[in-house]
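Visitor: Sequential numbering from 350 applies to the sequence shown in the numbering used here.
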Amino acid sequence: MNWGTFAAALVVTLVAQKSLVWTFGWSAVDLLLVLALLCGLNAPAADARIAGWLCGFAQDLAGQPEAIGVQSLSLGLTVMLLVWMREAAPARVWWLRPLPCLVAAWIGQIVYLLLLKFGLGVGFLTAWNVLSNSFLIAAIATLLALVGMTVPAAMRRNRRRTAYRW
350 MNWGTFAAAL VVTLVAQKSL VWTFGWSAVD LLLVLALLCG LNAPAADARI
400 AGWLCGFAQD LAGQPEAIGV QSLSLGLTVM LLVWMREAAP ARVWWLRPLP
450 CLVAAWIGQI VYLLLLKFGL GVGFLTAWNV LSNSFLIAAI ATLLALVGMT
500 VPAAMRRNRR RTAYRW
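(1) CB L386 to CB A490, shorter than 9 Å?
(2) Please name the residue, chosen from I399, R446, L410, that lies closest to L390 on a Cα-to-Cα basis.
(3) Shortest alpha-carbon distance to V419 belongs to which of R435, C450, L359, Q458?
(4) Which residue comes first and which comes last in the alpha helix (DSSP H) that contains R398?
(5) Could you name the residues of the same chain whose beta carbon sits closer than 7 Å to that of L451, not counting the 5 residues immediately before and after it, in chain order?
(6) Quick one: grab the DSSP three-state call for N482.
(7) DSSP three-state label for S376, please.
(8) Identify every run of the alpha helix (DSSP H) within the region 418–504, keeping only runs that are complete inside it and at least 4 residues long; order them along the chain.
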């Protein structure tokens, strides 16, 4: 994994998360979770785990000072689960990729919301709110990660076809 490219993507994603998402009020969009999922799907196992933890640490540093470590733990757990499920799933089954991504992101978001509620005492969350909000965030992040993974591959594939045609 090229760490310079990852650092640049992390900075761009953090700026987009804190400016664009906050400006438009999209509270269910977590771009750093999308970046962590992309790293978990594409990078080698050890690099993906480190990248997931770094995404969470960057979000912790840019967030509330009393909640440092919560996002690091949840995104690190998410990528660790995703890498474990990715290695257990058959590689040739293309339609199986979204399922581990969604399950890992959902479990990571549940852990994050439960840590906020019980660890820090932030907010009034019922069990239904924890499950529904975490599933919404995980589903949106999974869709964005899959789009982010397939669009560059499709562009490379189309570029090769046109080059061979001429």
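Even for Gly, the Cβ is constructed at its ideal location relative to N, Cα and C.
Values in this document were obtained by computation on a predicted structure and should not be read as measured data.
Guide: If we stick to the structure as given:
(1) yes
(2) R446
(3) Q458
(4) 394–411
(5) A487, A488, T491
(6) helix
(7) coil
(8) 419–437, 447–463
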